[in-house]
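Numbering (our numbering), first residue to last: 669 to 759.
Quick reminder that beta carbons are idealized off the backbone N, C-alpha and C, glycines included.
Right, one structure below, let's go through it.
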């Protein structure tokens with residue numbers, strides 16, 4: 669009985685299978701390649717969108733006024749003497 673089943677499996681032609689079950693190695697690979705290309709394209713679009721948002725945030729931050737204040741003594745400090753007044757300014 670086993671050899672008969674084995675023979676029957678060998679003699680089935682792939683063309684007798686219903687079309688959803690009939691997949692050649694090349695057609696399966698083409699589907700995988702197109703699916704991979706589509707996934708890669710979606711990932712690239714997401715990355716480009718994120719990069720653009722990042723660049724816009726950087727531009728927004730650069731346009732904000734600086735809160736930095738530079739201060740330095742008006743004259744050279746002398747050790748042991750009260751410090752001289754300092755001058756401060758925004759860059």
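- For a cut-off of 8 angstroms, the C-beta gap from residue 734 to residue 759 is around 6 angstroms, short enough to register as a contact.
- Following the DSSP letters along the chain, one finds residue 735 in no beta strand (DSSP E), marked with neither H nor E.
- In the three-state reduction of the DSSP assignment, residue 702 falls in the helix class.
- With contacts defined as CB atoms closer than 8 angstroms, residue 741 and residue 750 fail to qualify as a contacting pair.
- DSSP places residue 754 within a strand segment (E or B) once states are collapsed to three.
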